[in-house]
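Below is one structure, written out as structure tokens; the observations come after it.
Numbering (this note's numbering), first residue to last: 711 to 896.
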């Protein structure tokens, strides 16, 4: 995955992981059995190190693609206690957010293409859990409640309520968003 190109393509299979696995295997072969690839032992450790660095870089790039695709369906949990909310006389804390830029518009347009629908739509397991939750609401309320539970151990927990979810997932990182009161002079 290169950062030179104007258009980024994050809604695709993470093919970088293939390179990471092959480079990792090559690093192990060069370190453990340099004779099998006709390398002198002095050269094999440098080559193994180079392959290991390549493997780490490609694995990081592949995980970035996977993290983006996963976050399209569900944001990581965001919970704060009252003590953690920043208090100020000049600013109002709005939550986590990001500055909307052209790349976010491009990402939003990418999610509307029909060929990437499989990355955007909820999984079959999620859809089955929602149907089962409705069907067992009265017959087995404990199962319905278990499927509804917002827990990190529940892989099919319901999405947060409100609005089109896709817009919340466009940024790879978020910072605190603060609103400055216009009538307060600093």
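Positions of the beta carbon are idealized from the N, C-alpha and C atoms, including for glycine.
Residue 842 sits in a helix when the DSSP states are folded into three classes.
Bounds of the alpha helix (DSSP H) holding residue 764 are 751 to 783. With contacts defined as CB atoms closer than 8 angstroms, residue 726 and residue 772 qualify as a contacting pair. In the three-state scheme derived from DSSP, where H, G and I count as helix and E and B as strand, residue 801 is classed as strand. About 6 angstroms separates the beta carbon of residue 782 from that of residue 830, a gap short enough to meet the 8 angstroms contact definition. Between the beta-carbon of residue 765 and that of residue 741 there is about 12 angstroms, and that puts the pair past the 8 angstroms contact cut. For residue 749 and residue 762, the gap between their C-alpha atoms comes out near 16 angstroms. In this structure, the CA atom of residue 751 is about 13 angstroms from the CA atom of residue 759.
Judged by DSSP secondary structure, residue 718 falls outside any alpha helix (DSSP H); it is assigned neither H nor E. When secondary structure is reduced to three states using DSSP, residue 806 falls in the strand class. Residue range 812 to 821 is occupied by the alpha helix (DSSP H) that includes residue 818.
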